[in-house]
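Residues 96 to 187 (the working numbering) are what the sequence shown spells out, left to right. By construction, the Cβ of each residue, glycine as well, lies at the ideal position given by its N, Cα and C atoms. Here the structure is a predicted model, which means the values were calculated and not measured. All remarks here apply to the structure that follows.
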Amino acid sequence: MYIFSVTAKTKKDIDGFEKGATAPFIVYIDFADLTGAEYLARYYVTKEGFFDISIDKRRQLERSKVKQFSEKNPQVKETLKTGYAIQLFDQD
Numbered sequence: 096m097y098i099f100s101v102t103a104k105t106k107k108d109i110d111g112f113e114k115g116a117t118a119p120f121i122v123y124i125d126f127a128d129l130t131g132a133e134y135l136a137r138y139y140v141t142k143e144g145f146f147d148i149s150i151d152k153r154r155q156l157e158r159s160k161v162k163q164f165s166e167k168n169p170q171v172k173e174t175l176k177t178g179y180a181i182q183l184f185d186q187d
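Below, the structure written as structure tokens:
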């Protein structure tokens, strides 16, 4: 599983962000390799109505720790069920 810190701009007003505003995300992708996971992260953020996507940080979550994290983090649990999860943070 990979976890990405992402920023992207809104195509329209979305969840308290005005059109063109930069929004911060954490994107969780359950995929075997980094290249594919990063592509999917960009795809899912675009699908939600954002563009100009920048991946700021990448982290691989070791398989041995995924179960432990899923008990504490609902996004990790969702990712295990659906393959991905997106967490949009509030605008500062």
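How many whole angstroms separate the CB atoms of ALA118 and ALA103, which I take to be in contact at a CB cut-off of 8 Å? Contact between ALA118 and ALA103 holds, with the beta-carbon distance rounding to 6 Å and staying under 8 Å.
Among GLY115, ASP110, ALA180, GLN170, whose alpha-carbon lies nearest the alpha-carbon of PHE146? Nearest C-alpha to PHE146: GLY115.
Would the beta-carbon of TYR139 fall within 8 Å of that of ILE98? In this structure, ILE98 does not lie closer than 8 Å to TYR139 by Cβ.
Taking the straight line between their C-alpha atoms, what separation do you get for LYS142 and SER149? Their Cα atoms are separated by approximately 15 Å.
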